[in-house]
Structures are given as C-alpha cells and as structure tokens.
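Novice: Below: one structure in structure tokens.
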Amino acid sequence: MCAGGVIQSIGDSQDIRSTGGLSIYIPFTSSSLMVFNFALCGVPFLAGFYSKDYILEIFSMRYMNIFGFLLLFVSTDLKVCYSFRLFYYIPLFQ
C-alpha cells in the first residue's frame, strides 16, 4: 500500500531517483514505507527477521549444491542493498 501511494504521489513513475523530498509531502506514508522496508531487510525484532533468519538457517543446514547456496545468500544480500538504496533516496529527516 505504501509503495502504491509513493508511486502515485510522484506522478505514476517508478523511478526511485525522483522520490527526493517525499517525506515533506507524505510523512506518514514515507515513515511507514521505511519501517516495512526494515522488516523486509530482516532487521532484528521485526517480523521479517524471524522468517528470513529461519529460511536461511534451514537451507544452510541441509545438503544443497554450492551454486544454490550462494544464489540464496547473494539474492538476500542484493535485497538488502536495494533496500538501503531506498533509504538513501527517501530520507526521513531533511
């Protein structure tokens, strides 16, 4: 819901670079987006941490080839990197 609100408020564009200064116009939506993005990154004490940690733990304890193992962890790291990019372009305090 927050992502849809952000896309609609910047003129139906999905370009992350055009979201600068968004916290001034829609502060609650941008704050909520940051909290939900933290949960997707797997920050401790949020819901995404427990599910992501459990999935990574289960896959690291069972037998799988090295390609699948690296693909799992690289994809998790790329999600975190993209989320930090979103933190950079939508600052909460200006």
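Every number in this note's numbering is 3 more than the matching position in the sequence shown, counting from 1. For each residue, glycine too, the CB sits at the ideal point set by N, CA and C.
What is the rounded straight-line gap between the Cα of F87 and the Cα of L81?
Specialist: F87 and L81: Cα-Cα distance of roughly 10 Å.
Novice: Give the single residue among D56, T32 and F39 whose Cα lies nearest to the Cα of G8.
Specialist: Comparing Cα positions, the closest option is T32.
Novice: Put F17 into one of helix, strand or coil per three-state DSSP.
Specialist: As written in the sequence, residue 17 is Gln, which differs from the Phe given in the question. Note: Q17 maps to coil in three-state DSSP.
Novice: How about T22 and I10: are their beta carbons less than 7 Å apart?
Specialist: For T22 and I10, no; Cβs fall outside 7 Å.
Novice: Please state whether DSSP places M4 in a helix, a strand or coil.
Specialist: Note: M4 maps to coil in three-state DSSP.
Novice: In terms of residue numbering, what span does the alpha helix (DSSP H) encompassing N40 cover?
Specialist: Element bounds for N40: P30 to C44.
Novice: For the alpha helix (DSSP H) that contains Y85, what are its first and last residues?
Specialist: Residues I69 to Y92.
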